[in-house]
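Visitor: The structure follows.
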Amino acid sequence: MRIVMLSRLLPVLMLLAGALPAVAIAASDALIDPAVLDSPAFLAGHPDLRFRREGFAAYDRGRHRSAVEAFRKAARYADKPSQGMLAEMYANGDGVPADPALAWAWMALAAERGPAWAEARREAYLARVPASELARADALFAEMLGEYGDEVARPRLATHLRRAARGNTGSRVGGSAPRRVQLVSGDGVREVRDVDFDDPRYWEPERYFALQDAEWARFRGGD
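Residues -24 to -1, 1 to 199, numbered by mature numbering (1 follows the signal peptide of the UniProt record, and there is no 0), are exactly what the sequence shown covers, in order.
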């Protein structure tokens, strides 16, 4: 049985590489303003999103090795969608050698803080691990926790966010006026509106972590 999950689930709110039919997230419900996501300075300060974006772009072009490298980089910054993509790729042999034990370890990381659908997906991956590989799967997960688990990955991201906030926005975080920007849609329609690049939800670690959690909860597994 082929497991289908995040390769069909690039969320509309991220506008990174294309539409995903198994997720229903309207652009108007975006947790991060699309105009903010298009800012190189914002992406430079958010390696979780930057590397995930690179991963999906590479995946869409069939460059699976590059996609794996990018998703691994994003995973180091507590990016659960990237961890889930790695799980799927190893489960299905999607551009990489199929490895059920490694797939489960990645999915266990992706489900580290829920939600329920991710925990159910983790159990589905576990059912595919041969009995002879269960010990290896546990060992892989234990090893990977030290590099990709929230206990180390979120402090790593927090350090990056604080440094970027100081360098890019300084004291403006939480106190600046929105900036006027011109947006151009795919059909060439131009729109000028206010964009708050310095919203503290994007830069204060605990508030950004809550944003991460809300985004991950909006994903759901494919059929």
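Beta carbons: idealized from backbone N, C-alpha and C, even for Gly.
1) Can you tell me whether A129 is buried or exposed, with buried defined as 16 or more other CB within 10 angstroms of its CB?
2) Can you give me the Cβ contacts of R148 inside the same chain, cut-off strictly under 7 Å, excluding the 5 residues immediately before and after it?
3) According to DSSP, is E64 helix, strand or coil?
4) Determine contact between the region 103 to 110 and the region 76 to 93, defined as no fewer than three beta-carbon pairs at a distance below 8 Å.
5) If I measure Cβ to Cβ from G38 and keep anything under 6 Å in the same chain, skipping five residues before and after, which residues do I get?
6) As a quick exercise: from E95, D55, G21 and P10, pick the residue whose alpha carbon is nearest that of E180.
7) In angstroms, rounded to a whole number, what distance separates the CA positions of M65 and A141?
8) Is A87 closer than 7 Å to F117 when the C-beta atoms are compared?
9) Taking a contact to mean a Cβ-Cβ separation below 7 Å, would you say A46 touches G31 in this structure?
10) State the beta-bridge partners of E88 as determined by DSSP.
11) Assign F32 to one of three DSSP states: helix, strand, or coil.
12) For the alpha helix (DSSP H) containing F117, name the first residue and the last one.
Guide: Let's see:
1) The residue labelled residue 129 in the question sits at position 153 within the sequence shown. Label assigned to A129: buried.
2) Within the sequence shown, numbered from 1, the residue matching residue 148 stands at position 172. Any reading at R148 is ruled out, since the residue's pLDDT is 47, under 50, leaving its predicted position unreliable.
3) Here residue 64 refers to the residue found at position 88 of the sequence shown. DSSP places E64 in helix when its eight states are reduced to three.
4) Judged by Cβ distances under 8 Å, the region 103 to 110 makes contact with the region 76 to 93, as three or more pairs qualify.
5) Walking along the sequence shown from the start, residue 38 turns up at place 62. For G38, where only same-chain residues beyond five positions count, there are no Cβ hits under 6 Å.
6) Residue 180 sits at position 204 when you count from the first residue of the sequence shown. Of E95, D55, G21 and P10, the smallest CA-CA separation from E180 is found for G21.
7) The residue labelled residue 65 in the question sits at position 89 within the sequence shown. The residue labelled residue 141 in the question sits at position 165 within the sequence shown. Taking the straight line from one Cα to the other gives about 34 Å.
8) Translated into the one-based positions of the sequence shown, residue 117 becomes position 141. Translated into the one-based positions of the sequence shown, residue 87 becomes position 111. Not closer than 7 Å, so no.
9) In the sequence shown, residue 46 corresponds to position 70, counting from 1. In the sequence shown, residue 31 corresponds to position 55, counting from 1. Cβ atoms of A46 and G31: closer than 7 Å.
10) As a working mapping, residue 88 is identified with position 112 in the sequence shown. DSSP lists G90 as partners of E88.
11) Counting from one through the sequence shown, the residue named residue 32 turns up at place 56. In the structure shown, the three-state DSSP call for F32 is helix.
12) Taking the sequence shown and counting its residues from 1, one reaches residue 117 at position 141. Its alpha helix (DSSP H) spans residues L110 to Y124.
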